[in-house]
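As C-alpha cells, the structure follows; a few thoughts come after it.
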Amino acid sequence: MQLTQRAKQVERKPMTLLEKIYLWNIAKGMLITIRHLFKRKATIKYPEETRSFSKVFRGVQILNRDEEGRERCTACGLCAVACPAEAITMEAAERQPGEEHLYREEKYAAKYEINMLRCIFCGYCEEACPKDAIYLTQTFAPANYGRQGFIYKKEDLLIPDPKEDPEGYQKALGEKSSKA
Amino acid sequence: MYLLAIDWFFILEKFLLIGLIVTLSMVVAMYATYGERKVAAWLQDRIGPNRAGPFGILQPLADGGKLFFKEEIIPLISSKFLFILGPCLAMITALLTSAVIPWSTPLHLFDKDIPLQVADINIGILYIFGVVSLGVYGIMIGGWASNNKFSLLAAVRGASQMVSYELPMGLALIAVLMLAGDLRMSVIVNNQIEHYWHIVYQPIGFIIFFVCALAECNRTPFDLPEAENELNFGYHQEYSSMKLGFYLFAEYINMFISGVVMSTLYFGGYDIPFVNEANWDINQNLLAIIGFAVLLAKAFFFVFVFMWIRWTIPRFRYDQLMKLGWRTLIPLALLNMVLTAAIVLWFKK
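Top to bottom, those sequences are chains F and L.
My numbering puts the first residue of the first sequence at 1, with every later residue one more than the last.
My numbering puts the first residue of the second sequence at 1001, with every later residue one more than the last.
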C-alpha cells in the first residue's frame, strides 16, 4: 500500500567492476574529506568568542532607566499579563518622599523576577510595556548550576545607571539605543 | 672475549633501547589518540580538543588520568583471571612487535657501533607475523571472559577477520621477501637503499598489505570487532578503567607499529628519499638521528592515512569483509606472488 507520493524506487543495479574494486570510489571520498581539512572551521570558541546576533535578536531582558538614572518600571503588571509563559512576577510599592531620584513615578516595582527557564524570549513583555521599561537585549542567559540561578531578580535585570556607569549603560543598551 | 662471559655493556645498551622504544610507542600511542580526535575534527570542519594546555596538547594526559581514576568493574560471573589477561595480552603483543624493527643506522658512542635495533634476528618478518597473530588472543580472551554475548560475537568476528586477512598479508609479503632475498629486517631495508624502494616493484603488493594492515588493526572499514552501533563497542564493552585504556592504547600502538612496518618493508625504512646520504660528510650519529626522524615521519604519514580513511568511509558488512578477503585479496596476492617470482627468475638467469 502506498502511503505517500514521495516513495522513490531504489536502484538495485549490480556494481560495476570499478565499483567492485572499491579503491577508486574510496579515493574519491578521501579527496572530499581532505578538502575539508583546509576549510574554515565552523566552531566558535565560545567563552572567548561570541557569535554576533542580528539587530532584532531577542535575548535576555533588561529593566530600563531614564536619562537621570531613575527606574522606568511602575509595576503595572502588563508585561506579566502579556507573558505567555507566565515567567514574570512582581510586587509593587509606593514611592516615599526623598526617593524621587530613584523612581520615575509614584509607584515602582519593589520585586521584579523573570524565570529564565520559563521565558520563551517572545518579546511580548517589551511590546506590552507602556513605560519603555523592559527590553530584550542581544545577550542570552548564561548557563547556571542550579535552577534557582535562573530566576533573575531585579538587581540582575536592571540596566547600569547612566550617570554612574555611562559605558555599562550604553553597552547594555546595545543596538537598542537608536530605538529608545 | 671468552665463552659465557657476560657483556654488561651489551645488556645495558639493549635495555636502554628497549626502554626507549617502549616509551616511544606509548607516547606515540597517547598522542595518536589526540591526533585521531584532531584529524576527525578537522575533517568534519571542527577544531577538536583545544582546552587542556595550548592547542589541547595535554588532552591525552587528562584522558589517561581520568582512566586511572575510574572505577574498575569486573563482572561477577566472568573468569577473573582471563578477564585481566585479555588487555595485558593485547598490550604485550602490541609492544613486542617493535623488537625487530631497524629504527636507523647505527649510533657511534664510546668507540662502539650501537645498532638501533633491539634484535636483528634472521626470521625478522616471521617474528612480526607470529606476534601479530598472537594479538588476536587479546581480543578473543577479552570477549570470552566478559561473559557478554555482544563481546563474544565481537571476539568471534575479530578472530575470523584476523585469520582471514593474515593470509593475503603473508602472501603479499612473500613477494617482498623474494626481492630482498632475506627475512632479516635490516637486509630488507638495505636492499631498498641500494636499489629502489619496494613500492616501485610492488605497488599491488603494497595495496594488499595496506588493506590487510587496516583489517589487522581493526580500523575502519574493518572495525567490525568494535562496531559501536551494532555490538556496543564489541569486545571491550565490559571493560572499564585502565583495562579499557590498555585495549584502546594497544590499538593505537598497533597502528603506529604497522605504519613503521609498512615504511620499512615498502618505503625504504630510514632511507631519506631522493638523496644518497652515504656520500654526505656528516657525523654518523647525526645521520642516524635524521634517519630515525625520516622513519618516524613515514610512519606518522601512514597513521594519518589510517585516520583519514576512518573518518571518510563507513564499515563493511560482514559478508562483504569475508568476500573481499577470501575472494579478492587472496587470489590477487597469489597472482602478485607468482608474477614476481617469474620476473625475479627471469632477471636472475
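Glycine residues also receive a C-beta, built at the ideal position from the N, C-alpha and C atoms.
Values in this document were obtained by computation on a predicted structure and should not be read as measured data.
Judged by DSSP secondary structure, L/E1013 falls within the alpha helix (DSSP H) whose first and last residues are 1008-1043.
DSSP places L/I1330 within a helical segment (H, G or I) once states are collapsed to three.
Counting the other CB atoms within 10 Å of its CB gives L/H1198 a total of 16 or more, which places it among the buried residues. Interface residue (Cβ-Cβ distance to chain F less than 8 Å): L/W1280 is not classified as such. Check the Cα spacing between L/F1209 and each of L/P1168, L/L1179, L/K1243, L/L1177: the tightest is with L/P1168. L/S1104 is a Cβ neighbour of L/F1292, given a cutoff of 8 Å. Shown here for L/V1294: same chain residues with a beta carbon closer than 6 Å to its own, the five before and five after excluded, namely Y1270, I1272 in chain order. Under the 10 Å beta carbon count, L/I1128 is surrounded by 16 or more other beta carbons and is classified as buried. L/H1236 sits buried, since 16 or more C-beta atoms from the chains shown fall within 10 Å of its C-beta. Beta-bridge partners of F/T89 (DSSP): F/E113. Per DSSP, the unbroken alpha helix (DSSP H) holding L/I1125 starts and ends at 1124-1145. Taking the Cα positions, F/W24 is about 54 Å away from F/M116.
In the DSSP assignment, the residues bridged to L/L1107 are L/I1114. Residues of chain F with a Cβ closer than 8 Å to the Cβ of L/I1047 are, in chain order, K41, T43, K45. Neighbours of F/M30 in chain L, taken as residues at a C-beta separation under 9 Å, are given in chain order as V1305, W1308, I1309, T1312, I1313.
For a Cβ distance threshold of 8 Å, nothing in chain F lies close to L/L1177: the least Cβ distance comes to about 25 Å. By the neighbour-count criterion, in which 16 or more other beta carbons inside 10 Å mark a residue as buried, F/A143 falls on the exposed side. Per the coordinates, the alpha-carbon of L/F1110 lies some 21 Å from the alpha-carbon of L/D1120. Under the 8 Å criterion on CB atoms, F/T50 is classed as non-interfacial with respect to chain L. Judged by beta-carbon spacing, F/I134 lies beyond the 8 Å limit of F/R65, meaning their Cβ atoms are not closer than that value. Ranked by Cα distance from L/R1219, the options L/G1064, L/Y1165, L/W1144 are led by L/Y1165. With respect to chain F, the C-beta atom of L/W1042 has a partner C-beta closer than 8 Å. Out of L/S1241, L/L1153, L/T1328, L/L1324, the CA that lies nearest to the CA of L/F1069 is found in L/S1241.
By the Cβ neighbour-count rule, L/Y1252 is buried, with 16 or more other Cβ atoms within 10 Å of its own. Listed in chain order, the non-local C-beta contacts of L/V1338 below 6 Å within the same chain number zero, local neighbours out to five positions each way being set aside. Between the segment 1133-1151 of chain L and the segment 1173-1183 of chain L there are fewer than three inter-stretch CB-CB distances shorter than 8 Å, so the stretches are not counted as touching. The shortest CA-to-CA distance from L/I1101 to any of L/V1305, L/P1314, L/V1261, L/I1123 is the one to L/V1261. The Cβ atoms of L/R1327 and L/L1224 lie no closer than 8 Å to each other. In this structure, L/I1047 places its C-beta atom within 8 Å of the C-beta atom of F/T43.
Every beta strand (DSSP E) of 3 residues or more that sits fully in the segment 9-69 of chain F is shown, in chain order, as 61-63.
L/R1317 is classed as exposed because its beta carbon has fewer than 16 other beta carbons within 10 Å across all chains shown.
If you draw a straight line from the Cα of F/D165 to the Cα of F/K171, it comes to about 10 Å. Per DSSP, reduced to three states, the secondary structure at F/L158 is strand. Nearest to L/L1024 by alpha-carbon distance, out of L/L1096, L/F1081, L/L1085, is L/L1096. For F/E94, the secondary structure class from DSSP, reduced to helix, strand or coil, is strand.
Inter-segment contact for the segment 114-131 of chain F and the segment 151-158 of chain F is present: three or more beta-carbon pairs are separated by less than 8 Å.
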